[in-house]
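Protein chains in written order, with this note's numbering: chain A, 165 to 357; chain B, -1 to 224.
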């Protein structure tokens, strides 16, 4: 049991990395990866929301949507839960833990429309994971997202100071650097199964 | 009148080349990279997004006076998600193969920033007719970009085009793998900017992102806050 959970966790972090092999959350990956501290902050916020959203959506799917045969409503239901949840977290953090709000709060509004969060919740249902497996998968997905953001912020600072052709400066060079980082993650594929 | 006609024409055509959402304003990167392993997938995803974009643009511009600005974003998302559910049903019924190959990414049209971005930047400020034209133009531009990406990746990576085998060509599998997606998109954006004789974009399409007003890092860059 615990070994399968470990496999799910490592798979989600390394092999099926949300950003580099599933292409979810590309906008924050390219937008917020310019500096190490903002990359880490965004990663932590996404991980937190991803786990919490899974904690909410899983019981709602199996407790309400499945018995009432409304499973086709999952996209609408999940995105509403995520939007609600992000708002709630923002309010709670602002009131109770202002120090955490200052470091994570600024990224929260961006997370509602982050496809990695909605993707993770839907993927957990589609892969027919149990509740614990879903939470572990969401945690792994969030950690993998953080890892790729942090690695990429380092790569990016080098790319920015490199001498590259004028046509490629900016986003094209960033995308090609992402391609090379993605190649290195391909080495993990099939490692844990 | 002639001025009106011209601007209607402009609404329709600007999204296709001049303000192409994928290659120029850099929105909707996730589906662009994820589903373009085949040219046909690119067309399917592009047309599905176009459908949702046109419908949501029309509905949102018709409802723009009734939606309070405090709950604007959640209302937008609910309306968009409803149309996504609709297209999921249609595709499952009529094009089950395409439905299977697009999979999860069909649901993720809900959070595609092209749709939210157009809703915020265009539909919530313009008439129903102009919003519909804008939706069609932007959708076609997105479809075109996806088709281009899909064609390049399918030809280079699988040695086929629209499932027709290309003789005497040995494919390089890396192009249909995730790494190839990033690479092809980077090269295409660079090429488009070279042809248009412009400097390549330095940033993502943050200015048309619905969250731009709240986004700290964007406002910092603009120098609006410290």
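Where is the CB? At the ideal position from N, CA and C, for every residue including glycine. In this text, all values refer to a predicted model and were calculated from it rather than measured experimentally.
Nonlocal neighbours in the same chain, by C-beta distance under 6 Å from residue i, ignoring five residues either side
i: residue 81 of chain B; result: 50, 53, 54
i: residue 349 of chain A; result: 181, 184
i: residue 157 of chain B; result: 164, 167, 169
i: residue 283 of chain A; result: 188
i: residue 328 of chain A; result: 337
i: residue 172 of chain B; result: 178
i: residue 267 of chain A; result: 205
i: residue 70 of chain B; result: none
Chain-order list of residues whose beta-carbon lies under 7 Å from that of residue i (same chain, five-residue window excluded)
i: residue 206 of chain A; result: 192, 196, 271, 313
i: residue 217 of chain A; result: 245, 246, 249, 281, 285
i: residue 288 of chain A; result: 218, 222, 298, 301, 302
i: residue 176 of chain A; result: 301, 304, 305, 308
i: residue 141 of chain B; result: 41, 44, 45, 48
i: residue 319 of chain A; result: 341, 345
i: residue 356 of chain A; result: 171, 174, 175, 179
i: residue 183 of chain B; result: 30, 31, 147
i: residue 74 of chain B; result: 58, 114, 117
i: residue 276 of chain A; result: 246, 247, 250
i: residue 398 of chain A; result: Past the boundaries of the shown model lies residue 398 of chain A; chain A is included only from 165 to 357, so the question cannot be answered.
Assigned secondary structure, residue i (DSSP; H/G/I helix, E/B strand, else coil)
i: residue 85 of chain B; result: helix
i: residue 166 of chain B; result: coil
i: residue 11 of chain B; result: helix
i: residue 25 of chain B; result: coil
i: residue 333 of chain A; result: coil
i: residue 184 of chain A; result: coil
i: residue 353 of chain A; result: coil
i: residue 152 of chain B; result: helix
i: residue 101 of chain B; result: coil
i: residue 95 of chain B; result: helix
i: residue 192 of chain A; result: helix
i: residue 193 of chain B; result: helix
i: residue 127 of chain B; result: helix
i: residue 230 of chain A; result: coil
i: residue 199 of chain A; result: coil
i: residue 66 of chain B; result: coil
i: residue 144 of chain B; result: helix
i: residue 328 of chain A; result: coil
i: residue 175 of chain A; result: helix
i: residue 344 of chain A; result: helix
i: residue 122 of chain B; result: coil
i: residue 253 of chain A; result: helix
i: residue 260 of chain A; result: helix
i: residue 222 of chain B; result: Note that residue 222 of chain B scores a pLDDT of 45, beneath 50, so its modelled location is shaky; the value from the coordinates is reported in the next line. Coil, per DSSP.
i: residue 288 of chain A; result: helix
For residue i, the residue or residues it bridges with in DSSP
i: residue 34 of chain B; result: None; residue 34 of chain B has no bridge partner.
i: residue 158 of chain B; result: B:163
Sequence-distant residues of its chain with Cβ nearer than 8 Å to residue i (five each side left out)
i: residue 180 of chain B; result: 31
i: residue 135 of chain B; result: 9, 10, 11, 12, 13, 14
i: residue 86 of chain B; result: 97, 104, 105
i: residue 6 of chain B; result: 127, 128, 131
i: residue 137 of chain B; result: 13, 44, 45, 47, 48, 49, 51, 52
Problem - Contact list for the segment 156 to 190 of chain B against chain A, Cβ threshold 9 Å - result: 172, 175, 176, 177, 178, 179, 180, 181, 182, 183, 184, 185, 186, 187, 188, 189
Exercise for the section: Examine the Cβ distances between the segment 79 to 97 of chain B and the segment 235 to 254 of chain A and report whether three or more of them are shorter than 8 Å. Expected result: yes
Handout entry: Meets three-Cβ-pair contact criterion under 8 Å: the segment 22 to 35 of chain B and the segment 144 to 164 of chain B
Key = yes
Practice task
Decide yes or no for the touch test of the segment 250 to 258 of chain A against the segment 268 to 288 of chain A: beta carbon pairs closer than 8 Å, at least 3 of them.
Solution key: yes
Problem - Contact the segment 114 to 134 of chain B vs the segment 53 to 68 of chain B: 3+ CB pairs below 8 Å - result: Taking 8 Å as the limit for Cβ pairs, the verdict is that the segment 53 to 68 of chain B does touch the segment 114 to 134 of chain B.
Exercise for the section: Assess, as a yes-or-no matter, whether the segment 11 to 27 of chain B is touched by the segment 167 to 175 of chain A under the definition of 3 or more beta carbon pairs within less than 8 Å. Expected result: no
Problem - Members of the segment 5 to 34 of chain B that neighbour chain A once the beta carbon cut-off is set at 7 Å - result: 24, 27, 28, 31, 32
Problem - contact_flag[the segment 336 to 355 of chain A, the segment 312 to 328 of chain A] where n(CB pairs < 8 Å) is 3 or more - result: yes
Handout entry: Members of the segment 48 to 79 of chain B near chain A, C-beta cut-off 8 Å
Key = 71, 72, 75, 76, 79
Practice task
Please determine if the segment 37 to 44 of chain B and the segment 112 to 121 of chain B are in contact, where contact requires at least 3 C-beta pairs separated by less than 8 Å.
Solution key: Flag = no, the segment 37 to 44 of chain B and the segment 112 to 121 of chain B do not touch.
Problem - Cβ-based contacts, 7 Å cut-off: residues of the segment 94 to 105 of chain B near chain A - result: Look at the segment 94 to 105 of chain B: the residues with a C-beta under 7 Å from a C-beta of chain A are 102, 105.
Practice task
Report the residues of the segment 108 to 132 of chain B with a CB closer than 9 Å to any CB of chain A, ordered along the chain.
Solution key: 108, 109, 110, 111, 114
Exercise for the section: Please list the residues of the segment 213 to 225 of chain A that have a C-beta atom closer than 7 Å to any C-beta atom in chain B, keeping them in chain order. Expected result: none
Problem - Positions along the segment 333 to 347 of chain A whose CB lies within less than 8 Å of some CB in chain B - result: 333, 334, 335, 336, 337, 338, 339, 340, 342, 343, 344, 346, 347
Handout entry: Inter-stretch contact (C-beta, 8 Å, three-pair minimum) for the segment 16 to 28 of chain B and the segment 103 to 115 of chain B
Key = Cβ pair count under 8 Å is three or more, so yes.
Problem - chain B contacts from the segment 170 to 195 of chain A (Cβ-Cβ distance under 8 Å) - result: Per Cβ criterion, the list reads 184, 185, 186, 187, 188, 189, 190, 191, 194, 195.
Practice task
Name, going along the chain, the residues of the segment 130 to 150 of chain B whose beta-carbon falls closer than 9 Å to a beta-carbon of chain A.
Solution key: Within the segment 130 to 150 of chain B, no residue qualifies.
Practice task
Using a Cβ-Cβ cut-off of less than 8 Å, list which residues of the segment 280 to 308 of chain A approach chain B; keep chain order.
Solution key: Here the close residues are 282, 283, 286, 287, 290.
Problem - Where the segment 243 to 268 of chain A meets chain B: residues whose CB sits under 7 Å from a CB there - result: Of all residues in the segment 243 to 268 of chain A, 243, 244, 247 have a Cβ within less than 7 Å of some Cβ in chain B.
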